[in-house]
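Below is one structure, written out as structure tokens; the observations come after it.
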Amino acid sequence: MSLPTMNGVARLIDDPELRFGAGSGKAVVRVRLAFNSRKKDPASNEWIDADSFFIDGKAFDQAAENIAETLTRGMEVVVSGRLKTEKWETREGEKRSGPSLLIDSIGPSLKNATAKVTKASGSGQPAVQSARQAQGRASAGDPWSSSTPGTQTSAQAGWGTAEEPPF
């Protein structure tokens, strides 16, 4: 049998936490995700929150480093992974368990943001640049540059449109 899979659009509720294994030096990132079915009611023109699902996601090695370099709190992401039950023991010795997502693929949602994709060279370089980083490097003579380098709209920051409040 294999683990059940999960695909969806979520919002990061914290910045990714990158750590390295004490013995192995292996990179591990923890990403706290919120999936919710928030919708705008056309009659009242107000946002309505339905069910929300919160889960911690984990990724390893180069993917972990790319995620930590690229994603930030509040960004809307498209994520795919396998659900797993994590088990741990508290400091008081109590046994606990909860769901976790082993991330196979994750990236910024381009619904309300832009991103410049660059292939990782294997030297620790990120696989995706945020719009903020890409704009900071845009040349002044670039006729395709849509804004002044260093400036950023709320949509480019990953917060959605001006009428959509941050989650």
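Residue numbers for the sequence shown follow our numbering, so the first one is 225 and each next one is one higher.
No residue lacks a Cβ here, since even glycine has one placed at the ideal position from N, Cα and C.
Just so we're clear, the structure is a prediction, and the values are computed from it rather than from any experiment.
**Prompt:** Can you give the beta carbon distance from G305 to I291, rounded, assuming they're within the 8 Å contact cut?
**Reply:** The Cβ separation is near 12 Å, so there is no contact.
**Integer Cβ distance of L307 from P332, believed to fall under 8 Å** = Taking a contact as a CB-CB distance under 8 Å, the pair L307 and P332 does not count as one, their CB atoms being some 22 Å apart.
**Asked** Taking only beta-carbon atoms, is G247 less than 8 Å away from chain D?
**Response** No chain D appears in the structure shown, which is made up of a single protein chain.
**Asked** Given a threshold of 16 other Cβ atoms within 10 Å of its Cβ, counted over all protein chains shown, does K250 qualify as buried or as exposed?
**Response** Result: exposed.
**Item:** D273 and R262 closer than 8 Å at C-beta
**Value:** Yes, the pair counts as a contact, with Cβ atoms nearer than the cut-off.
**Request:** Tell me, please, which residues DSSP counts as bridged to G322.
**Result:** Its beta-bridge partners are E310.
**Request:** Using the Cα positions of I330 and D275, report the straight-line distance between them to the nearest angstrom.
**Result:** If I take the Cα positions, the gap works out to 22 Å.
**Prompt:** Which term fits M225, buried or exposed, when burial requires 16 or more other beta carbons within 10 angstroms of its beta carbon?
**Reply:** The residue in question, M225, is exposed, as its Cβ has fewer than 16 Cβ neighbours within 10 Å.
**Request:** Within its chain, find whatever has a CB closer than 6 Å to the CB of G281; leave out the 5 residues flanking it on each side and keep chain order.
**Result:** Within the same chain, Cβ atoms closer than 6 Å to the Cβ of G281 are found at V255, L257, L325 and I327, the five residues on either side in sequence being excluded.
**Request:** Measuring alpha carbon to alpha carbon, tell me which of N260, V301 and L242 ends up nearest W271.
**Result:** Comparing Cα-Cα distances from W271 to each of N260, V301 and L242, the minimum goes to N260.
**Request:** Confirm, please, whether the CB-CB distance from T309 to S321 is below 8 Å.
**Result:** Against a cut-off of 8 Å, the Cβ pair of T309 and S321 comes out as a contact.
**Request:** Quick one: grab the DSSP three-state call for T229.
**Result:** Correct three-state label for T229: strand.
**Request:** Within its chain, find whatever has a CB closer than 7 Å to the CB of D199; leave out the 5 residues flanking it on each side and keep chain order.
**Result:** For residue 199 there is no data in the structure shown, the boundaries of the chain being 225 and 391.
**Message:** Assuming I291 is part of the alpha helix (DSSP H), what are its boundary residues?
**Reply:** Run containing I291: D285 to T294, per the alpha helix (DSSP H) assignment.
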